[in-house]
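*Asks:* Encoded as structure tokens, here's the structure I'll be asking about.
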Amino acid sequence: KPPPGLGRLLSSSASSQRQEPYEPRASALEERIAKLARCKQTGVSLRGLIEAGTTHVGQLARSGGALPTPVLLTVASFLHRELPIRLARRVSELDLMPRLAETRSVRRVRDWYARSIEEIVAAAKPADAATEAKFAALLSAVYDRHAAVLITMAKGAHELRSSIGYSEFESDAAIHGFLDSFYTSRIGIRMIIGQYLALRECDPASEHGSIGLLHTRVVPVDVAKDAAQHAATLCERQFGVAPAVELHGRLDLSFAYVPDHLYYIMLELLKNSMRATVEHTMRTKNLPQHQLDDDDLPPVKVVVADGEDNEDVAVKVADHGGGIPRSHLPRVWSYLFTTGAPNVQDDFVSCDASDFVGAPLAGLGYGLPISRAYCRYFGGDLTLMSMEGFGTDAFVYLPRLGDHDEPLS
């Protein structure tokens, strides 16, 4: 089961699936979007978010819980200025990818972004309790509206691939580069809105390290345990069995991070490893699925690197799942590339699913590139080393200091 708060970053409300079509005020709004898209974006760092959140919690305690605190007003004013710029950048970049922008699903995303720009620009700048509360209500609605952006863009990419062909889509570096940039930006937009809204709900009496969506003492092993339980449930649902997950290394290590980001990354890697382990075992032992037992499966290993002075917090997920052919390694970072059954992807993108809700064990084709985007958002990375015929090691690198700004483009 995903941890509390995962919905704030990843999931969708049902309302976002039933929105009324948006008709932008063409000329004036498009001119505003073009002007905003030329403005400079302002990045944030993990350390900056933690410092602002810590100060907010202190001010909240001293004021007896009265909102807004001075920090909250500053954050709201920043978002009032920054969000239209970021959203306009994405709209303008979409317009530079005409084949993708012409798909039904991507037009829907463009409409959501345009509507949000119009509403935020029209809103009064947060300056006191009343205007800040109204602005927070607006951003909550924007947050819900954009909840299904990731899966809706995936549907648009699927629509484009269906029209131009698998080979042309996969070889088009411009499309995949754009999707990388778009999804990374989407993570940032969700992060800064979600953190602002979560700060408004902070309990100043809390002592467990939570600061909005952030946590000052994220324990990778604990996150891995939760993700492993979820991945095992999905694996057992598909195959009837699931490999054990062994935890090694620095089991008590903690650091400041966004636990929901790490949870998503670990879930994707463990899902991949479990599925590969089961399928490789069935092939090598020549066992049908109904004869497979948990004892037949080699474990998946999660290793947390030791060392308080390390530059990164490093986590390895290692399996004996048969590895990845060398010719496939560059393709695993391509959107919609999957070794799962094609009908899984076709069925998922054709339904009204919310982002990550009800996702299958494998087959969607964007788990790895999105996981890498989460790693890179605060200056980390995700890499793979594979030995065909044996297994794959996935390495997650997350910066310990948190002083990297967002990768804005």
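Okay, so the sequence shown: first residue is 1 according to the working numbering, each after it adds one. Idealized CB from N, CA, C, for every residue including glycine. Source: prediction; values computed, not measured.
In angstroms, rounded to a whole number, what distance separates the CA positions of residue 158 and residue 336?
*Replies:* Translated into positions along the sequence shown, residue 158 becomes position 158. Translated into positions along the sequence shown, residue 336 becomes position 336. Cα to Cα, the separation comes out at about 7 angstroms.
*Asks:* Would you mind sorting residue 167 into buried or exposed? The rule is 16 or more other CB atoms within 10 Å of its CB.
*Replies:* Taking the first residue of the sequence shown as 1, we reach residue 167 at position 167. With fewer than 16 Cβ atoms within 10 Å of its Cβ, residue 167 is classed as exposed.
*Asks:* Which residue from 230, 95, 198 and 180 puts its Cα closest to that of residue 53?
*Replies:* Position 53 of the sequence shown, counting from 1, holds the residue named residue 53. Among 230, 95, 198 and 180, the Cα nearest to that of residue 53 belongs to 198.
*Asks:* Does the beta-carbon distance from residue 94 to residue 75 come in below 8 angstroms?
*Replies:* The residue given as residue 94 occupies position 94 in the sequence shown. The residue given as residue 75 occupies position 75 in the sequence shown. Not closer than 8 angstroms, so no.
*Asks:* Can residue 119 and residue 138 be called in contact, C-beta distance under 8 angstroms?
*Replies:* Reading the sequence shown from its first residue, position 119 is the one you call residue 119. Reading the sequence shown from its first residue, position 138 is the one you call residue 138. Yes, Cβ-Cβ distance for residue 119 and residue 138 is below 8 angstroms.
*Asks:* So, helix, strand or coil for residue 400, using DSSP?
*Replies:* As a first step, residue 400 is located in the sequence shown; it is residue number 400 there, counting from the start. Coil at residue 400, not helix or strand.
*Asks:* Residues in its own chain within less than 6 angstroms of residue 280 by CB, not counting five upstream and five downstream?
*Replies:* Translated into the one-based positions of the sequence shown, residue 280 becomes position 280. Excluding residues within five positions, the ones whose Cβ falls inside 6 angstroms are 321 and 322.
*Asks:* Would you say residue 331 and residue 388 are within 8 angstroms of each other, going by their C-beta atoms?
*Replies:* Sequence index remark: in the sequence shown, residue 331 carries index 331 (1-based). Sequence index remark: in the sequence shown, residue 388 carries index 388 (1-based). No, Cβ-Cβ distance for residue 331 and residue 388 is not below 8 angstroms.
*Asks:* Residues in the same chain with beta-carbon distance under 8 angstroms from residue 438, minus the five sequence neighbours each way, listed in chain order, please.
*Replies:* Limits of the chain in this structure are 1 at one end and 409 at the other, which puts residue 438 out of reach.
*Asks:* What do you get for residue 291, buried or exposed, if any count of 16 or more other CB atoms within 10 angstroms of its CB means buried?
*Replies:* The residue labelled residue 291 in the question sits at position 291 within the sequence shown. Exposed is the call here.
*Asks:* May I have the straight-line CA-CA distance separating residue 202 from residue 262, to the nearest angstrom?
*Replies:* The sequence position of residue 202 within the sequence shown is 202, counting from 1. The sequence position of residue 262 within the sequence shown is 262, counting from 1. Taking the straight line joining both Cα atoms gives about 21 angstroms.
*Asks:* Are the CB atoms of residue 147 and residue 214 nearer to each other than 8 angstroms?
*Replies:* Here residue 147 refers to the residue found at position 147 when the sequence shown is read from its first residue. Here residue 214 refers to the residue found at position 214 when the sequence shown is read from its first residue. No, the pair does not count as a contact, with Cβ atoms beyond the cut-off.
*Asks:* Do residue 241 and residue 294 have their CB atoms nearer than 8 angstroms?
*Replies:* The residue labelled residue 241 in the question sits at position 241 within the sequence shown. The residue labelled residue 294 in the question sits at position 294 within the sequence shown. Cβ distance < 8 angstroms, so residue 241 and residue 294 count as in contact.
*Asks:* Apply the 10 Å Cβ neighbour rule to residue 272 and answer buried if 16 or more other Cβ atoms are within range, or exposed otherwise.
*Replies:* As a working mapping, residue 272 is identified with position 272 in the sequence shown. Residue environment: residue 272 is assigned as buried (16 or more neighbouring CB atoms within 10 Å of its CB, all protein chains considered).
*Asks:* Taking 8 angstroms as the cut-off, decide whether the C-beta atoms of residue 253 and residue 300 are in contact.
*Replies:* Your numbering for residue 253 matches position 253 in the sequence shown. Your numbering for residue 300 matches position 300 in the sequence shown. Contact flag unset, no.
*Asks:* Considering only residues of the same chain and omitting the five flanking positions on each side of residue 101, which have a CB-CB separation below 8 angstroms?
*Replies:* By 1-based counting over the sequence shown, the position of residue 101 is 101. 94, 95, 107 and 110.
*Asks:* Please check the pair residue 249 and residue 318, which I expect to be a contact at CB under 8 angstroms, by giving their CB distance rounded to whole angstroms.
*Replies:* Sequence index remark: in the sequence shown, residue 249 carries index 249 (1-based). Sequence index remark: in the sequence shown, residue 318 carries index 318 (1-based). Contact flag wrong, Cβ pair sits at about 11 angstroms.
*Asks:* Using 10 angstroms around the beta-carbon of residue 208, count the other beta-carbons present and answer buried if the total reaches 16, otherwise exposed.
*Replies:* For the purposes of this step, residue 208 is taken as residue 208 along the sequence shown, with counting starting at 1. Flag for residue 208 reads exposed.
*Asks:* Should residue 259 be flagged as near chain D, meaning a C-beta pair shorter than 8 angstroms?
*Replies:* Absent from the structure is chain D; it holds one protein chain and no more.
*Asks:* Helix or strand or just coil, what does DSSP make of residue 290?
*Replies:* The residue given as residue 290 occupies position 290 in the sequence shown. Helix.
*Asks:* Looking at residue 53 and the ligand HEM, is the gap between the Cβ and the nearest heavy atom below 7 angstroms?
*Replies:* Only the bare structure without any ligand can be found here, which leaves the ligand HEM out of the picture.
*Asks:* Which first and last residues belong to the beta strand (DSSP E) in which residue 381 is found?
*Replies:* Position 381 of the sequence shown, counted from the first residue, corresponds to residue 381. Note, residue 381: beta strand (DSSP E), 381 to 387.
*Asks:* Would you report the Cα separation of residue 232 and residue 153, rounded to the nearest angstrom?
*Replies:* Reading the sequence shown from its first residue, position 232 is the one you call residue 232. Reading the sequence shown from its first residue, position 153 is the one you call residue 153. Taking the straight line from one Cα to the other gives about 28 angstroms.
*Asks:* Is it true that the CB of residue 406 sits closer than 8 angstroms to the CB of residue 44?
*Replies:* As a working note, residue 44 is residue 44 in the sequence shown. As a working note, residue 406 is residue 406 in the sequence shown. Cβ atoms of residue 44 and residue 406: closer than 8 angstroms.
*Asks:* How long is the line joining the alpha carbons of residue 370 and residue 286, rounded to whole angstroms?
*Replies:* To locate residue 370, count along the sequence shown from 1; it is residue 370. To locate residue 286, count along the sequence shown from 1; it is residue 286. As the crow flies, the alpha-carbon of residue 370 is around 34 angstroms from that of residue 286.
*Asks:* For residue 165 versus residue 103, is the C-beta spacing smaller than 8 angstroms?
*Replies:* Position 165 of the sequence shown, counted from the first residue, corresponds to residue 165. Position 103 of the sequence shown, counted from the first residue, corresponds to residue 103. Contact flag unset, no.
*Asks:* Take the Cβ of residue 311 as the centre, count every other Cβ of all protein chains shown within 10 Å, and call the residue buried at 16 or more, exposed below.
*Replies:* On the sequence shown, position 311 is the one that residue 311 refers to. The C-beta of residue 311 has fewer than 16 other C-beta atoms within 10 Å across all chains shown, which makes the residue exposed.
*Asks:* I think residue 268 touches residue 329, with their Cβ atoms under 8 angstroms apart; what is that distance to the nearest whole Å?
*Replies:* Taking the first residue of the sequence shown as position 1, residue 268 is located at position 268. Taking the first residue of the sequence shown as position 1, residue 329 is located at position 329. So it is not a contact: roughly 17 angstroms between Cβ atoms.
*Asks:* For residue 481, does the three-state DSSP call read helix, strand or coil?
*Replies:* This structure cannot settle anything about residue 481, because the visible part of the chain is limited to 1 through 409.
*Asks:* If the criterion is Cβ atoms closer than 8 angstroms, does the pair residue 378 and residue 314 meet it?
*Replies:* Numbered from its first residue, the sequence shown carries residue 378 at position 378. Numbered from its first residue, the sequence shown carries residue 314 at position 314. Contact flag unset, no.
*Asks:* What did DSSP end up calling residue 146 once you bin it into helix, strand or coil?
*Replies:* Taking the sequence shown and counting its residues from 1, one reaches residue 146 at position 146. Reduced to three states, the DSSP call for residue 146 is coil.
*Asks:* Can you say whether residue 284 is buried or exposed, counting buried as having 16 or more other CB atoms within 10 angstroms of its CB?
*Replies:* Taking the sequence shown and counting its residues from 1, the one referred to as residue 284 is at position 284. Counting Cβ neighbours within 10 Å, residue 284 comes out exposed, since fewer than 16 surround it.
*Asks:* By how many angstroms is the C-alpha of residue 391 removed from the C-alpha of residue 49?
*Replies:* Within the sequence shown, the letter at position 49 stands for residue 49. Within the sequence shown, the letter at position 391 stands for residue 391. Between residue 49 and residue 391, the C-alpha separation is close to 38 angstroms.
*Asks:* Taking DSSP as the reference, what is the three-state secondary structure of residue 247?
*Replies:* Within the sequence shown, numbered from 1, the residue matching residue 247 stands at position 247. Residue 247 falls in the strand class under three-state DSSP.
*Asks:* Going by alpha carbons, who is nearest to residue 141 out of 333, 217, 221 and 113?
*Replies:* Stepping through the sequence shown from its first residue, residue 141 is reached at position 141. Checked all of 333, 217, 221 and 113; the closest Cα to residue 141 is 113.
*Asks:* Considering Cα atoms alone, identify which of 78, 228 and 408 is closest to residue 266.
*Replies:* One-based indexing of the sequence shown puts residue 266 at position 266. Answer by Cα proximity: 228.
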